[in-house]
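Student:
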Amino acid sequence: DAKTTQPNSMESNEEEPVHLPCNHSTISGTDYIHWYRQLPSQGPEYVIHGLTSNVNNRMASLAIAEDRKSSTLILHRATLRDAAVYYCILRDPYHTGANSKLTFGKGITLSVRP
Amino acid sequence: DAGVIQSPRHEVTEMGQEVTLRCKPISGHDYLFWYRQTMMRGLELLIYFNNNVPIDDSGMPEDRFSAKMPNASFSTLKIQPSEPRDSAVYFCASSGLIGTSNTGELFFGEGSRLTVL
Numbered sequence: 026d027a028k029t030t031q032p033n034s035m036e037s038n039e040e041e042p043v044h045l046p047c048n049h050s051t052i053s054g055t056d057y058i059h060w061y062r063q064l065p066s067q068g069p070e071y072v073i074h075g076l077t078s079n080v081n082n083r084m085a086s087l088a089i090a091e092d093r094k095s096s097t098l099i100l101h102r103a104t105l106r107d108a109a110v111y112y113c114i115l116r117d118p119y120h121t122g123a124n125s126k127l128t129f130g131k132g133i134t135l136s137v138r139p
Numbered sequence: 053d054a055g056v057i058q059s060p061r062h063e064v065t066e067m068g069q070e071v072t073l074r075c076k077p078i079s080g081h082d083y084l085f086w087y088r089q090t091m092m093r094g095l096e097l098l099i100y101f102n103n104n105v106p107i108d109d110s111g112m113p114e115d116r117f118s119a120k121m122p123n124a125s126f127s128t129l130k131i132q133p134s135e136p137r138d139s140a141v142y143f144c145a146s147s148g149l150i151g152t153s154n155t156g157e158l159f160f161g162e163g164s165r166l167t168v169l
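Sequence lines, in order, name chains A and B.
My numbering applies: residue 26 is where the first sequence begins, and numbers increase by one.
My numbering applies: residue 53 is where the second sequence begins, and numbers increase by one.
(1) Do Val141/B and Val71/B come within 9 Å of each other at the CB atom, strictly closer than that value?
(2) Under the assumption that Pro42/A contacts Leu105/A (Cβ atoms under 8 Å), give the Cβ distance between them as a whole number of angstroms.
(3) Using alpha carbons as the reference points, say which of Gly94/B, Phe85/B, Met92/B lies closest to Lys120/B.
(4) Nearest to Asn103/B by CA position, among Gln89/B, Thr90/B, Arg165/B, His81/B, is which residue?
(5) Here's the rule: buried if 16 or more other CB atoms are within 10 angstroms of the residue's CB, otherwise exposed. What is Ala54/B?
(6) Which residue wins for smallest C-alpha separation from Leu97/B, given the options Ile131/B, Val105/B, Phe143/B?
(7) At the level of alpha carbons, what is the spacing between Pro136/B and Met67/B?
(8) For Asn124/A and Arg61/B, what's the separation of their Cα atoms in angstroms?
(9) Between Ser153/B and chain A, is there a C-beta pair that is closer than 9 Å?
(10) Strictly below 7 Å CB to CB, what residues from chain D border Gly68/A?
(11) For Lys130/B and Gln69/B, I'd like the C-alpha separation in whole angstroms.
(12) Given this structure, state the Cα-to-Cα distance separating Thr97/A from Thr128/B, to the nearest angstrom.
(13) Using a Cβ cut-off of 7 Å, which residues of the segment 96-126 of chain B contact any Cβ in chain A, in chain order?
(14) Please list the partners that Glu157/B has in chain A, where partner means a Cβ-to-Cβ separation under 8 Å.
(15) Look at Phe159/B and Val64/B and say whether their C-beta atoms are less than 9 Å apart.
(16) Based on Cα-Cα distance, which residue from Phe101/B, Gln132/B, Leu166/B lies nearest to Ser147/B?
(17) When you compare the segment 103-117 of chain A with the segment 59-71 of chain A, are there three or more beta-carbon pairs, one atom per stretch, that lie closer than 8 Å?
(18) Does DSSP put Arg137/B in a helix, a strand or coil?
(19) Could you list which residues in chain B have their beta carbon closer than 8 Å to that of Lys94/A, in chain order?
(20) Is it buried or exposed for Glu36/A, if we count other Cβ within 10 angstroms and need 16 for buried?
(21) So which of Leu127/A, Ser66/A, Thr29/A has the shortest CA-CA distance to Ser41/B?
(22) CA-CA distance, Thr90/B and Tyr83/B?
(23) Give me the subset of the segment 75-99 of chain B whose CB atoms are less than 9 Å from a CB atom of chain A, sorted by chain position.
(24) At a CB-CB cut-off below 8 Å, which residues of chain B make contact with Leu64/A?
(25) Between Lys131/A and chain B, is there a C-beta pair that is closer than 9 Å?
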């Protein structure tokens with residue numbers, strides 16, 4: 026399985042932008058880059074995903090490097106409710122078998138200071 | 053849609069007892085995943101199904117754990133006999149393939165918190 030590496034933790038100030046990095050140097054051509062987050066005492070929730078182009082949604086933006094070996098999740102204005110563990114995961118949704126599963130690493134713990 | 057529904061939300065049992073956790077996936081999803089989360093090991097994939105068929109159960113800790121998916125709308129994870137080290141939060145998630153009007157994202161239930169005394 027293609028792996029991702031993320032820093033263990035990051036801190037941010039409220040209402041400032043946050044850039045959460047992820048390295049995935051062994052990504053394959055059909056792997057989508059997914060980001061999930063897990064708020065305290067809740068199950069993981071989907072944030073955003075992309076393949077090659079940068080993506081925006083109401084929660085965040087995803088910037089994907091041209092060689093696809095890294096990506097950055099961008100929270101434009103962090104709030105206290107954004108304090109969570111953020112997971113960067115690769116998944117190939119077009120195939121059954123091993124490539125279909127989502128393997129979570131340790132993720133990056135984001136702390137937001139008031 | 054009600055989302056992924058798990059039961060029970062909390063379970064406290066004694067060592068040696070049988071535990072059954074239940075999951076109802078989102079209608080139309082053809083993948084179902086069981087994860088376990090502990091402080092020490094984080095989120096671990098235990099087993100996943102595609103179209104009710106187990107695809108990969110390599111994450112199942114040992115023979116005390118078993119999972120079934122008798123139909124597209126129901127799955128169980130059973131632990132027999134339970135041990136204190138099985139204490140964890142167990143999550144069920146479902147998803148579909150791209151092309152079935154979704155993007156392959158996983159939708160997680162709220163989890164079942166198991167405590168084995």
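Just so you know, even glycine gets a beta-carbon here, dropped at the ideal spot from N, CA and C.
Given the structure is predicted, the values throughout are model-derived calculations rather than measurements.
Tutor: In short:
(1) no
(2) Contact flag wrong, Cβ pair sits at about 15 Å.
(3) Phe85/B
(4) His81/B
(5) exposed
(6) Phe143/B
(7) 6 Å
(8) Below a pLDDT of 50, predicted positions are generally treated as unreliable, and Asn124/A, at 48, falls in that range; the measurement from the model is reported next regardless. Going from the Cα of Asn124/A to the Cα of Arg61/B covers about 30 Å.
(9) Unreliable placement is indicated for Ser153/B, whose pLDDT of 46 sits below 50; the coordinate value is still reported in the next sentence. Judged by the 9 Å Cβ criterion, Ser153/B is not in contact with chain A.
(10) Here chain D cannot be found, since the structure's protein chains are A and B.
(11) 11 Å
(12) 37 Å
(13) Leu97, Tyr100, Asn102, Ile107, Asp108
(14) His59, Tyr71, His74
(15) no
(16) Phe101/B
(17) yes
(18) helix
(19) The contacting residues do not exist; Lys94/A stays about 21 Å from chain B at best.
(20) exposed
(21) Shown here, chain B extends from 53 to 169; a query on residue 41/B therefore has no answer.
(22) 23 Å
(23) Tyr83, Phe85, Tyr87, Gln89, Gly94, Leu95, Glu96, Leu97
(24) None at all; the shortest Cβ gap to chain B is about 11 Å.
(25) yes
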